[in-house]
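Just below is one structure, and these are the notes that go with it.
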Amino acid sequence: MAQHVRGVIARAKGEPVELTTIVVPDPGPGEAVVDIQACGVCHTDLHYREGGINDDFPFLLGHEAAGVVESVGEGVTEVAPGDYVILNWRAVCGQCRACKRGRPQYCFDTHNAKQKMTLLDGTELTPALGIGAFADKTLVAAGQCTKVDPAASPAAAGLLGCGVMAGIGAAINTGNVGRGDSVAVIGCGGVGDAAVAGARLAGARRIIAVDIDDRKLEKARSVGATHTVNSREADPVEAIRELTDGFGADVVIEAVGRPETYRQAFYARDLAGTVVLVGVPTPEMNIELPLLDVFGRGGALKSSWYGDCLPSRDFPMLIDLYLQGRLDLDAFVTETVGLDDVEEAFARMHGGDVLRSVVVL
Numbered sequence: 000m001a002q003h004v005r006g007v008i009a010r011a012k013g014e015p016v017e018l019t020t021i022v023v024p025d026p027g028p029g030e031a032v033v034d035i036q037a038c039g040v041c042h043t044d045l046h047y048r049e050g051g052i053n054d055d056f057p058f059l060l061g062h063e064a065a066g067v068v069e070s071v072g073e074g075v076t077e078v079a080p081g082d083y084v085i086l087n088w089r090a091v092c093g094q095c096r097a098c099k100r101g102r103p104q105y106c107f108d109t110h111n112a113k114q115k116m117t118l119l120d121g122t123e124l125t126p127a128l129g130i131g132a133f134a135d136k137t138l139v140a141a142g143q144c145t146k147v148d149p150a151a152s153p154a155a156a157g158l159l160g161c162g163v164m165a166g167i168g169a170a171i172n173t174g175n176v177g178r179g180d181s182v183a184v185i186g187c188g189g190v191g192d193a194a195v196a197g198a199r200l201a202g203a204r205r206i207i208a209v210d211i212d213d214r215k216l217e218k219a220r221s222v223g224a225t226h227t228v229n230s231r232e233a234d235p236v237e238a239i240r241e242l243t244d245g246f247g248a249d250v251v252i253e254a255v256g257r258p259e260t261y262r263q264a265f266y267a268r269d270l271a272g273t274v275v276l277v278g279v280p281t282p283e284m285n286i287e288l289p290l291l292d293v294f295g296r297g298g299a300l301k302s303s304w305y306g307d308c309l310p311s312r313d314f315p316m317l318i319d320l321y322l323q324g325r326l327d328l329d330a331f332v333t334e335t336v337g338l339d340d341v342e343e344a345f346a347r348m349h350g351g352d353v354l355r356s357v358v359v360l
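Residue 286 in numbering that gives the first Met the number 0 sits at position 287 of the sequence shown, with consecutive numbering throughout.
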């Protein structure tokens, strides 16, 4: 039967979030109910609260989560009750043209649970990124659950569900960073620092972190940056070229999502180098580049969707690297908080005081 649990919702644009009772139905065909153990506080959740995603209020917030499968619906074979899982927001369909071409990481028909979680009065909730994990339990499509080694800390493991995977994947999957490459990362929040860590995992020789905040640059050094540039104090394009023998970086990852930083990334790469856009722009943003420069510099201009990850492939691998001590996911956890601390966590995140707050249940 349906369960009544605690959940953090955003009722209206710009209003403080609210901890209330939500109704989680029994899982239907292809669905699973997951007992949430930890969930990261991501900028995307703040965007939902501010109406920056859409206006389908009320939202059930939270999506960077790890937990244990409590129950599954008819036909579910991917996971079973008791499995320790990381949640993802792109359950692949297996039938679209991308999936049939062997590129499920680009699935064009990803899906979520068909049933809706609700408030006690029956009001339907829109779960953030189809997950809604600022809650004791949530309902998802079974394909959104990826089984991983239960030895991994839930606070650290859950971060692979969004921001950390986006950054690591931008370096490894989209940017194809290889051994000996030079890499520059512009913007050193959670995603940018994860891109730094991904470049380090891939064997990059030189990793240049760029930001306007010295606190963030110091954190980037702790996860793998070999050099830092404060772009308030120096021209980042010239600084990156100076650190790469005058040529520019082999791969430049733009983790801000603004025209001015994208332009910096474009001109800070070597000839035939790669630019990866993983920062998310807003709808009104535009950029102009001389078409001759686009042609003459060669290389590739790429966008990274969710780090171009395939959760069934990437999550278990990265958790294994974490347990081997080769990927310090704990470094991304600044603090742990309770479900009733989400609004305060948003304020600290907005002020740049934390890399990630993580709600632990």
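By construction, the Cβ of each residue, glycine as well, lies at the ideal position given by its N, Cα and C atoms.
Worksheet item: Among Gly6, Ala31 and Gly29, which one has its Cα closest to the Cα of Ala37?
Response: To locate residue 37, count along the sequence shown from 1; it is residue 38. Selected option, being the one with the closest Cα: Gly6.
Discussion item. Starting from Arg240, trace the alpha helix (DSSP H) in both directions and tell me its first and last residue.
Written reply: Locating residue 240 in the sequence shown gives position 241, counting from the first residue. Element bounds for Arg240: Pro235 to Leu242.
Practice prompt. My understanding is that Ala31 touches Ala141, with C-beta atoms under 8 angstroms, so please give their C-beta distance in whole angstroms.
Written response: Position 32 of the sequence shown, counted from the start, is the residue given in the question as residue 31. Position 142 of the sequence shown, counted from the start, is the residue given in the question as residue 141. Sure, about 5 angstroms apart at Cβ, within 8 angstroms.
Fill in: Cβ-based neighbour list, Thr225, same chain, cut-off 6 angstroms, excluding 5 preceding and 5 following
As a position in the sequence shown, residue 225 is number 226, starting the count at 1. Taking Thr225 as the centre and dropping the five residues before and after it, the same chain places the C-beta of Arg205 and Ile206 closer than 6 angstroms to its C-beta, in chain order.
Practice prompt. Check the DSSP bridge columns for Phe56 and list the partner residues they point to.
Written response: Locating residue 56 in the sequence shown gives position 57, where the first residue counts as 1. Paired residue(s): none; Phe56 is not in a bridge.
Discussion item. Output needed for Pro24: all residues of its chain with C-beta closer than 6 angstroms, excluding positions within five of it in sequence on either side, in chain order.
Written reply: For the purposes of this step, residue 24 is taken as the residue at position 25 of the sequence shown. Listed in chain order, the non-local C-beta contacts of Pro24 below 6 angstroms within the same chain comprise Ala1 and Gln114, local neighbours out to five positions each way being set aside.
Worksheet item: Hey, quick one: how far does the alpha helix (DSSP H) through Arg296 stretch, first residue to last?
Response: On the sequence shown, residue 296 is found 297 positions in, with the first residue counted as 1. Unbroken alpha helix (DSSP H) run through Arg296: Leu290 to Arg296.
Worksheet entry | Selection from Met284, Gly351 and Val182 that minimises the alpha carbon distance to Arg240 | One-based indexing of the sequence shown puts residue 240 at position 241. Looking at the Cα atoms, Val182 is the closest of the given residues.
Worksheet item: In three-state terms, what does DSSP make of Ser221?
Response: Working through the sequence shown from its first residue, we reach residue 221 at position 222. Of the three classes helix, strand and coil, the one that applies to Ser221 here is helix, per DSSP.
Worksheet item: Leu119 to Glu283, Cα distance in whole Å?
Response: Translated into positions along the sequence shown, residue 119 becomes position 120. Translated into positions along the sequence shown, residue 283 becomes position 284. Cα to Cα, Leu119 sits roughly 38 angstroms from Glu283.
Discussion item. Per the DSSP calculation, Gln2 is bridged to which residue(s)?
Written reply: Here the question's residue 2 lines up with position 3 in the sequence shown. DSSP output for Gln2 lists Val23 as bridge partner(s).
Fill in: Contact the stretch 55-62 vs the stretch 127-143: 3+ CB pairs below 8 angstroms
Because the criterion of three Cβ pairs below 8 angstroms is met, the stretch 55-62 and the stretch 127-143 touch.
Discussion item. Please classify Glu253 as buried or exposed, where buried requires at least 16 neighbouring CB atoms within 10 angstroms.
Written reply: In the sequence shown, the residue the question calls residue 253 occupies position 254. When all chains shown are included, Glu253 counts as buried.
Practice prompt. Taking 8 angstroms as the cut-off, decide whether the C-beta atoms of Phe314 and Leu158 are in contact.
Written response: The count along the sequence shown starts at 1 and reaches residue 314 at position 315. The count along the sequence shown starts at 1 and reaches residue 158 at position 159. With contacts defined by Cβ atoms closer than 8 angstroms, Phe314 and Leu158 do not form a contacting pair.
Discussion item. Is the beta carbon of Val255 closer than 8 angstroms to that of Ile171?
Written reply: Within the sequence shown, numbered from 1, the residue matching residue 171 stands at position 172. Within the sequence shown, numbered from 1, the residue matching residue 255 stands at position 256. The answer is no: Cβ separation not under 8 angstroms.
Discussion item. I'd like the span of the alpha helix (DSSP H) that includes Gly263, first residue to last.
Written reply: Taking the sequence shown and counting its residues from 1, one reaches residue 263 at position 264. Residue identity differs from the one stated: residue 263 is Gln in this sequence, not Gly. Unbroken alpha helix (DSSP H) run through Gln263: Pro258 to Tyr266.
Worksheet item: If you scan the stretch 177-207 from start to end, which runs of the alpha helix (DSSP H) of 4 or more residues do you find wholly inside it?
Response: The qualifying runs are 189-201.
Worksheet item: Exposed or buried, which one is Ser303 when buried takes at least 16 other CB atoms within 10 Å?
Response: Position 304 of the sequence shown, counted from the start, is the residue given in the question as residue 303. Buried, because 16 or more other Cβ atoms sit within 10 Å of the Cβ of Ser303.
Worksheet item: When DSSP labels each residue in this structure, what does Gly247 get in the three-state scheme?
Response: Start at 1 with the first residue of the sequence shown, and residue 247 comes out as number 248. If DSSP states are grouped into helix, strand and coil, Gly247 belongs with coil.
Worksheet item: Could you give the residue range of the alpha helix (DSSP H) that holds Gly162?
Response: Translated into the one-based positions of the sequence shown, residue 162 becomes position 163. Note, Gly162: alpha helix (DSSP H), Gly162 to Gly168.
Discussion item. Does Asn229 come out as helix, strand or coil in the three-state DSSP assignment?
Written reply: Numbered from its first residue, the sequence shown carries residue 229 at position 230. In this structure, Asn229 counts as strand in the three-state DSSP scheme.
Worksheet item: Helix, strand or coil: how does DSSP classify Asp14 here?
Response: Against the sequence shown, residue 14 aligns to sequence position 15. Inspection of the sequence shows that residue 14 is occupied by Glu rather than by Asp. Under the three-state reduction of DSSP output, Glu14 falls in the coil class, being neither helix nor strand.
Fill in: Tyr105: first and last residue of the uninterrupted alpha helix (DSSP H) it sits in
On the sequence shown, residue 105 is found 106 positions in, with the first residue counted as 1. Unbroken run through Tyr105: none, as it is neither H nor E.
Practice prompt. Identify whether Asp34 lies in helix, strand or coil by the three-state DSSP scheme.
Written response: Looking up residue 34 in the sequence shown gives position 35. Assignment of Asp34 by DSSP, reduced to helix, strand and coil, places it in the strand class.
Fill in: Coil, strand or helix - Val336 by DSSP
Translated into the one-based positions of the sequence shown, residue 336 becomes position 337. Three-state result, Val336: strand.
Worksheet item: For Thr137, does the three-state DSSP call read helix, strand or coil?
Response: Along the sequence shown, read from residue 1 onward, the residue named residue 137 stands at position 138. In the three-state scheme derived from DSSP, where H, G and I count as helix and E and B as strand, Thr137 is classed as strand.
Worksheet item: Which residues bound the alpha helix (DSSP H) around Glu69?
Response: On the sequence shown, position 70 is the one that residue 69 refers to. Counting along the chain, Glu69 falls outside any alpha helix (DSSP H), though it belongs to the beta strand (DSSP E) covering Glu63 to Val71.
Practice prompt. May I ask which residues mark the beginning and end of the beta strand (DSSP E) holding Val341?
Written response: Your numbering for residue 341 matches position 342 in the sequence shown. Here Val341 belongs to no beta strand (DSSP E); instead the alpha helix (DSSP H) covers Val341 to His349.
Worksheet item: Val275 and Asp180: beta carbons closer than 8 angstroms?
Response: Against the sequence shown, residue 275 aligns to sequence position 276. Against the sequence shown, residue 180 aligns to sequence position 181. Against a cut-off of 8 angstroms, the Cβ pair of Asp180 and Val275 comes out as no contact.
Worksheet item: How would you write the range of the beta strand (DSSP E) that Leu322 sits in, first residue to last?
Response: By 1-based counting over the sequence shown, the position of residue 322 is 323. Element bounds for Leu322: not the beta strand (DSSP E) but the alpha helix (DSSP H), Pro310 to Leu322.
Worksheet item: CB-CB under 8 angstroms to Gly13, same chain, minus the five flanking residues each way: which ones, in chain order?
Response: Start at 1 with the first residue of the sequence shown, and residue 13 comes out as number 14. So the qualifying residues of the chain are Arg48, Glu49 and Gly50.
Worksheet entry | Residues near Gly74 by beta carbon distance below 7 angstroms, same chain, minus five either side | Within the sequence shown, residue 74 is the residue found at index 75, counting from 1. Contacts found: Pro28 and Gly29.
Worksheet item: Near Val279, which residues of its chain fall below 6 angstroms by C-beta distance, leaving aside the five closest residues on each side in sequence?
Response: Looking up residue 279 in the sequence shown gives position 280. Contacts found: Gly256.
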